């Protein structure tokens, strides 16, 4: 079997988990930063939060198949296609679940370690990935309460990494920083408290730097909660200019 | 348990929580007068430093807000209506069958009828927040029941959007909740056994452990305080906890429960 490879020569996302993990582990252990990132990203599918989310998706897919079967307005062909799509997701999740169960427990528990190693070695990709992935496990108040010390440690690291990336002049972090201060997604854990001015300012800086298109900027602001009044808007734009000049012009 | 978003608001169906402590923190029996008449008196006493009154207020507000005593056909209709508009109840990652929702709603109704005797028409949007304020006050004043209940309420109003950013506050609440549970147990309050069972089941304050959860629940069932729960509710909780254990673990948990029960002869109050 020919294994799909990414540009880095590592197994890409199409390679099943159980086949990809040993290859990524070996490369990660030898110091390959891309492999360190990929290893954590792939192992993330085995966290309790991801498995729970997959199980919920399965239920929705099963319900969707039942609904399609009862929907008389659908043709048999459409019904068959919809069922095939849902079933393929259920099968993929079942495969992942089984692969996760066969992985060493230690590896699953410490799924984030290799990403953190890559981030600590200075990889900006790793820092950005960490900032998004590390807190994803805290998808409920109960999860934060249960593991609050680790949650705080990851949050602080995520904050520092986002600012590190910006300090390095990488404008990709502007979108992430804007999102981190946004109120747009109330059911997702955020590493910063909601702050409409800062959210606007980082997004505005991102637009000035060309990292965020005007259309995306408009969408972000339209979905970011209550619009700013004129005074706060002026403050946010001035702050956005300052951020842009600091991060992006001097380089 | 969660409701499916995007559907019309369903009727309120009280369903026991997923943890074995389905009805953790039964309220103390009222003194015969309706809550409406007693509330001001309880508030006055609580403000004057009566921890028991504060704990009682918190408990009633937490358990009885929007509770309506209803006949069985009404409960059945609620469940039918709720399922018809697409409401689902999740437990341990799966949607419950309508029959199971009905069964739990009946249990919750029985327990509610006991807990909320004399309380009617309590309908406050901020009941959980006020309940937590009274429970905090009661616990600070030394009321053992309030201490046992604190961990059940301390996190219920937090929002996920801000929780991680404010996680230091969660850490403080968690430490306080654990301290209060230990203190409540030391005061000999059997309600702390029930709360601990719940926390060992969910794994929020302490690492999740089904055997330890059952041991605390079994211990609670051996105390006079177990009479606060409707027998069917306690049986359901014990059966549910036991179903997660093999024979050996179950026996071990019962032995441990018998030992734990020695802490608490029954109701404990403010020292």
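Chains as they are written, first to last, in my numbering: chain A, 206 to 456; chain B, 12 to 282. All C-beta atoms in this analysis are idealised placements derived from N, C-alpha and C, irrespective of residue type, glycine included. Computed from a predicted model, the values in this text were never measured in an experiment.
> Does residue 343(A) come within less than 9 Å of chain B when only Cβ atoms are used?
Replying inline: Sequence index remark: in the first chain, residue 343(A) carries index 138 (1-based). Interface residue, yes.
>> Does the contact criterion of 3 or more C-beta pairs under 8 Å hold for the segment 308-328 of chain A versus the segment 266-283 of chain A?
In response: no
> How is the alpha helix (DSSP H) around residue 446(A) delimited, first residue to last?
Replying inline: On the first chain, position 241 is the one that residue 446(A) refers to. From DSSP, the alpha helix (DSSP H) with residue 446(A) extends over 435-449.
> Mapping DSSP to helix, strand and coil, what is residue 77(B)?
Replying inline: Numbered from its first residue, the second chain carries residue 77(B) at position 66. DSSP, read as helix, strand or coil, puts residue 77(B) in coil.
> For residue 105(B), which of helix, strand or coil comes out of DSSP?
Replying inline: Counting from 1 along the second chain, the entry for residue 105(B) is found at position 94. Strand at residue 105(B).
>> Can you find the residues in the same chain that come closer than 6 Å, C-beta to C-beta, to residue 314(A), ignoring five residues on each side of it along the sequence?
In response: In the first chain, the residue the question calls residue 314(A) occupies position 109. Residues of the same chain with their beta carbon placed closer than 6 Å to that of residue 314(A) are lacking, with the five preceding and five following residues left out of the count.
> How close, in whole Å, do the beta carbons of residue 412(A) and residue 397(A) come, if the pair is a contact with beta carbons under 8 Å?
Replying inline: Here residue 412(A) corresponds to residue number 207 of the first chain, with the count starting at 1. Here residue 397(A) corresponds to residue number 192 of the first chain, with the count starting at 1. With 8 Å as the limit, residue 412(A) and residue 397(A) do not qualify as a contact, their Cβ atoms being about 20 Å apart.
>> Within 10 Å of its beta-carbon, does residue 431(A) have 16 or more other beta-carbons around it, so buried, or fewer, so exposed?
In response: By one-based count along the first chain, residue 431(A) stands at place 226. It is exposed - the Cβ of residue 431(A) has fewer than 16 other Cβ atoms within 10 Å.
> Hey, is residue 223(B)'s beta-carbon within less than 9 Å of any beta-carbon in chain A?
Replying inline: Indexing the second chain from 1 puts residue 223(B) at position 212. Cβ-Cβ to chain A under 9 Å: no for residue 223(B).
> Taking just the CA atoms, how far does residue 195(B) sit from residue 129(B)?
Replying inline: Position 118 of the second chain, counting from 1, holds the residue named residue 129(B). Position 184 of the second chain, counting from 1, holds the residue named residue 195(B). Between the alpha carbons of residue 129(B) and residue 195(B) lies a distance of about 27 Å.
> Skipping 5 residues on each side, what residues in its chain have a beta carbon closer than 8 Å to that of residue 402(A)?
Replying inline: Counting from 1 along the first chain, the entry for residue 402(A) is found at position 197. By the criterion of a C-beta distance shorter than 8 Å, residue 402(A) is surrounded in its chain by 433, 437, 440, 441 and 444, once the five residues flanking it on both sides are discounted.
> Near residue 35(B), what residues of its chain come up, given a Cβ to Cβ distance below 7 Å and the 5 sequence neighbours on each side ignored?
Replying inline: The count along the second chain starts at 1 and reaches residue 35(B) at position 24. Only weak support exists for where residue 35(B) lies, its pLDDT of 41 falling under 50; the value from the coordinates is given anyway. Sequence-distant partners of residue 35(B) (beyond 5 residues in either direction) whose C-beta falls short of 7 Å from its own C-beta, in its chain, are 163, 205, 206 and 209.
> In terms of DSSP beta bridges, what is residue 154(B) paired with?
Replying inline: Counting from one through the second chain, the residue named residue 154(B) turns up at place 143. Partner(s): none; residue 154(B) has no beta bridge.
> Which of the three DSSP states, helix, strand or coil, is assigned to residue 223(A)?
Replying inline: Your numbering for residue 223(A) matches position 18 in the first chain. Here residue 223(A) sits in helix by DSSP.
> For a contact meaning CB atoms closer than 7 Å, what does residue 78(B) contact in chain A?
Replying inline: In the second chain, residue 78(B) corresponds to position 67, counting from 1. What residue 78(B) touches in chain A: nothing, since even the nearest Cβ is about 24 Å away.
> Skipping 5 residues on each side, what residues in its chain have a beta carbon closer than 6 Å to that of residue 323(B)?
Replying inline: Residue 323(B) cannot be examined here, being either before or after the span of chain B that is shown, 12 to 282.
> Just the Cα atoms here: how many angstroms apart are residue 86(B) and residue 242(B)?
Replying inline: As a first step, residue 86(B) must be located in the second chain, where it is residue number 75. As a first step, residue 242(B) must be located in the second chain, where it is residue number 231. About 20 Å.
> Around the C-beta of residue 349(A), are 16 or more other C-beta atoms found within 10 angstroms, so that it is buried, or is it exposed?
Replying inline: Counting from 1 along the first chain, the entry for residue 349(A) is found at position 144. Under this definition residue 349(A) is a buried residue.
>> Helix, strand or coil for residue 200(B)? Go by DSSP, reduced to three states.
In response: Looking up residue 200(B) in the second chain gives position 189. Strand at residue 200(B).
> Which value, in whole angstroms, describes the spacing of the CA atoms of residue 454(A) and residue 370(A)?
Replying inline: As a working note, residue 454(A) is residue 249 in the first chain. As a working note, residue 370(A) is residue 165 in the first chain. The alpha-carbon atoms of residue 454(A) and residue 370(A) are separated by roughly 15 Å.
> Is the segment 57-71 of chain B touching the segment 91-111 of chain B, taking contact as three or more C-beta pairs under 8 Å?
Replying inline: no
>> Count Cβ pairs between the segment 53-62 of chain B and the segment 147-166 of chain B that sit closer than 8 Å; are there 3 or more?
In response: yes
> According to the neighbour-count rule (16 or more other Cβ atoms, all chains shown, within 10 Å of its Cβ), is residue 216(A) buried or exposed?
Replying inline: For the purposes of this step, residue 216(A) is taken as residue 11 along the first chain, with counting starting at 1. Buried, by the Cβ-count rule.
> Given that residue 181(B) touches chain E, what residues does it touch there, using C-beta distances under 7 Å?
Replying inline: Of the protein chains in the structure, A and B, none is chain E.
>> I need the DSSP call for residue 176(B), collapsed to helix, strand or coil.
In response: Start at 1 with the first residue of the second chain, and residue 176(B) comes out as number 165. Looking at residue 176(B) - three-state DSSP - the assignment turns out to be coil, as it is neither helix nor strand.
> When the cut-off is 9 Å and only beta carbons count, does residue 173(B) lie next to chain A?
Replying inline: Translated into positions along the second chain, residue 173(B) becomes position 162. Interface residue, yes.
> If you draw a straight line from the alpha carbon of residue 31(B) to that of residue 251(B), how long is it in whole angstroms?
Replying inline: The count along the second chain starts at 1 and reaches residue 31(B) at position 20. The count along the second chain starts at 1 and reaches residue 251(B) at position 240. The predicted position of residue 31(B) is uncertain, since its pLDDT is 34 and thus under 50; a value taken from the coordinates is nonetheless stated next. So the alpha carbons of these two residues sit roughly 7 Å apart.
> Under 9 Å between the Cβ atoms of residue 91(B) and residue 109(B)?
Replying inline: Walking along the second chain from the start, residue 91(B) turns up at place 80. Walking along the second chain from the start, residue 109(B) turns up at place 98. Contact: yes.
> Can a CB atom of chain A be found closer than 9 Å to the CB of residue 178(B)?
Replying inline: On the second chain, residue 178(B) is found 167 positions in, with the first residue counted as 1. So, interface residue.
>> Rounding to the nearest angstrom, what Cα-Cα distance links residue 185(B) and residue 216(B) in this structure?
In response: Here residue 185(B) is taken as the residue at index 174 of the second chain, counted from 1. Here residue 216(B) is taken as the residue at index 205 of the second chain, counted from 1. Taking the straight line joining both Cα atoms gives about 6 Å.
>> How far does the alpha helix (DSSP H) with residue 359(A) in it extend, from its first residue to its last?
In response: Sequence index remark: in the first chain, residue 359(A) carries index 154 (1-based). That run of the alpha helix (DSSP H) goes 353-372.
>> With a threshold of 6 Å on Cβ separation, who are the neighbours of residue 319(A) within its own chain once the five nearest residues in sequence on each side are excluded?
In response: Within the first chain, numbered from 1, the residue matching residue 319(A) stands at position 114. The residues are 233, 241, 244 and 245.
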